[in-house]
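Following: one structure in structure tokens, then a few remarks.
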Amino acid sequence: MSGYRIERLSNHHNRKAFRCGSEPLDLYFRQRATQDEQRRIALCFVAVAEPDDTVAGFYTLAATSIALDGLPVERARRLPRYPSVPAVLLGRLAVASTHQGKGLGGALVADALLRAAQSEIVGHLMVVDAQDEVAKRFYVHLGFEVLPEDDRRLVRRI
Ligand SMILES: CC(C)(COP(=O)(O)OP(=O)(O)OC[C@H]1O[C@@H](n2cnc3c(N)ncnc32)[C@H](O)[C@@H]1OP(=O)(O)O)[C@@H](O)C(=O)NCCC(=O)NCCS
Numbered sequence: 021m022s023g024y025r026i027e028r029l030s031n032h033h034n035r036k037a038f039r040c041g042s043e044p045l046d047l048y049f050r051q052r053a054t055q056d057e058q059r060r061i062a063l064c065f066v067a068v069a070e071p072d073d074t075v076a077g078f079y080t081l082a083a084t085s086i087a088l089d090g091l092p093v094e095r096a097r098r099l100p101r102y103p104s105v106p107a108v109l110l111g112r113l114a115v116a117s118t119h120q121g122k123g124l125g126g127a128l129v130a131d132a133l134l135r136a137a138q139s140e141i142v143g144h145l146m147v148v149d150a151q152d153e154v155a156k157r158f159y160v161h162l163g164f165e166v167l168p169e170d171d172r173r174l175v176r177r178i
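Position in the sequence shown (from 1) plus 20 gives the number in my numbering.
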């Protein structure tokens, strides 16, 4: 997306100034994202607004799996009968309030899907946990499907 570049989180990103309207996500970015990276719990990718290099958004990725019997029947039917399906967790996603509504959230999800598709560690689905109904509608708009037994969790084919 023009005007932004997406890169791995590093020390030169100003995490303190980030505000997205969700305190838990701001706190995560400020206090835990680096630790999660160091412990190999999740990797964090940052959208930097050019030309002033402010942090405009971020997302995290980690490996996960989904039980086959937790998937919508139509989706499960097309998969091998293993107990679970390899997946990639889009653990957190946020766009700074001043950059919302310009397509950056959608671009970050697209970047996450592309990165997952290009990884040699294979995942069949991308998984997200929506923090509220607004976030859920955003993901449904982007082609994610709510799981039948967990209405906070959504999946999409990578
Ligand atoms: C949710 C969030 C990531 C969306 O980012 P954004 O940059 O404002 O969204 P975009 O401008 O990229 O929107 C992409 C598309 O989704 C649509 N959209 C955005 N928010 C939506 C919503 N709540 N419901 C339905 N559609 C939505 C847009 O209209 C746009 O549609 P289009 O491509 O057809 O024009 C952002 O508002 C945010 O960070 N909110 C606070 C934290 C949060 O809720 N994070 C979600 C993680 S649980």
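Beta carbons are placed, not taken as given, at the ideal position from N, Cα and C, and that holds for glycine.
| Query | Result |
| --- | --- |
| Can you give the Cα-Cα distance for Pro71 and Gly23, rounded to whole angstroms? | 8 Å |
| DSSP three-state label for Leu88, please. | helix |
| Please report the Cβ distance between Ala116 and Leu45, rounded to the nearest whole angstrom; I am assuming they are in contact, meaning their Cβ atoms lie under 8 Å. | Ala116 to Leu45, Cβ: 10 Å. No contact. |
| Checking 8 Å against the spacing of the C-beta atoms, do Leu63 and Leu109 come in under that value? | no |
| Of all the options Pro103, Asn31 and Ile86, which has the alpha carbon lying nearest to the alpha carbon of Met146? | Ile86 |
| Express the C-alpha separation of Arg101 and Ala67 in angstroms, rounding to a whole number. | 38 Å |
| Can you tell me which residues fall inside 6 Å of ligand 1, judged by beta-carbon distance to its nearest heavy atom, and keep chain order? | Cys40, Gly41, Ser42, Leu45, Leu113, Ala114, Val115, Gln120, Gly121, Lys122, Gly123, Leu124, Gly125, Gly126, Ala150, Gln151, Val154, Ala155, Arg157, Phe158 and His161 |
| From which residue to which residue does the alpha helix (DSSP H) around Leu133 run? | Leu124 to Gln138 |
| As a quick exercise: from Arg28, Val129 and Gly111, pick the residue whose alpha carbon is nearest that of Ala83. | Gly111 |
| If the criterion is Cβ atoms closer than 8 Å, does the pair Glu169 and Arg176 meet it? | no |
| For Arg172, which residues of its own chain have a beta-carbon under 7 Å away from its beta-carbon, when the five flanking residues on both sides are left out? | Asp149 and Ala150 |
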